[in-house]
Amino acid sequence: MAPPNDFSHYRRQSFRLQGYDYRNEGMYFVTICTKDRLPYFGQIIDNQMVLSEIGQIVWDNWFKIPQFSPHIALDEFVVMPNHIHGILAIVQSVASLQCNDATRQPHNATTTIDTDKNQLMSAISPKSGSISRVLNSYKGACSKEIKKVASLQCNDATRQYNDATGFDWQSKFHDRIIRNEEELCRIQQYIIHNPNNWKDDENHF
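So for the sequence shown, the working numbering puts the first residue at 41; every next one is plus one.
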């Protein structure tokens with residue numbers, strides 16, 4: 041479990057970059073809650089977030105997102121007892137990445153396509169590379185790892201919140217497009233100070 045004051049080495053470079061086009065690039069402030077907003081991820085002690093084992097899994101997997109979605113860059117992020125807040129941005133189009141991948145394929149490579157199935161999935165599934173697809177993949181990766189945690193050393197009073205078999209995400213997530221640097225700065229500060237303001241948080245039950 042990472043100590044609550046040892047998160048600084050995860051800090052990502054701010055998106056306050058010269059030439060960043062807030063109109064054309066996709067930058068998002070996202071919030072994902074646990075099902076029924078149960079505090080699986082840990083607790084706030086002295087205004088610091090202390091992660092549970094499940095919370096640590098959720099923390100670690102967030103920083104793996106660019107490994108599997110190289111078009112995504114990360115900024116501020118926090119895990120709270122029953123939800124997470126994060127800023128992420130689409131910094132390269134998926135189409136350009138796919139084009140680059142295609143140029144590396146052998147000329148004799150062949151692909152079998154089930155046209156009807158692909159058209160159906162395209163209609164009902166989030167688009168490849170979209171924030172929805174990225175976050176659904178993130179949630180799935182966390183859930184898969186959490187399910188591997190067969191049992192945790194905890195007392196009966198807290199077991200319902202720490203038992204991996206009981207964990208689930210809220211089905212939907214909240215996202216907001218960040219449109220300018222002023223808004224970005226405000227949201228960054230909100231995320232940074234979220235543990236300090238836990239008592240006033242709408243997700244605090």
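In this text, a Cβ means the ideal position worked out from N, Cα and C, and glycines have one as well.
So what does residue i bridge to, in DSSP terms?
i      : result
Met89  : Ile84
Trp209 : Thr74
Tyr68  : Leu128 and Ile217
His123 : Cys73
Ile112 : Ile130
Would you identify the three-state DSSP class for residue i, choosing helix, strand or coil?
i      : result
Ile218 : coil
Phe117 : strand
Pro79  : coil
Asn234 : coil
Ser177 : helix
Val189 : coil
Ser172 : helix
What does the alpha-carbon distance come out to for the pair residue i and residue j?
i      : j      : result
Pro110 : Gly206 : 32 Å
Ile105 : Gln83  : 24 Å
Trp99  : Val119 : 7 Å
Lys239 : Asn87  : 10 Å
Ser183 : Ser170 : 20 Å
Ile85  : Pro121 : 11 Å
Ile130 : Tyr68  : 9 Å
Leu224 : Arg216 : 11 Å
Asn158 : Asn236 : Any reading at Asn158 must be qualified, since the residue scores a pLDDT of 43, below 50, and its modelled position is unreliable; no value is offered.
Leu33  : Val189 : Residue coverage of the chain in this structure runs from 41 to 245, which leaves residue 33 outside it and unanswerable.
Ile112 : Ile94  : 24 Å
His214 : Thr71  : 5 Å
Ile231 : Gly126 : 7 Å
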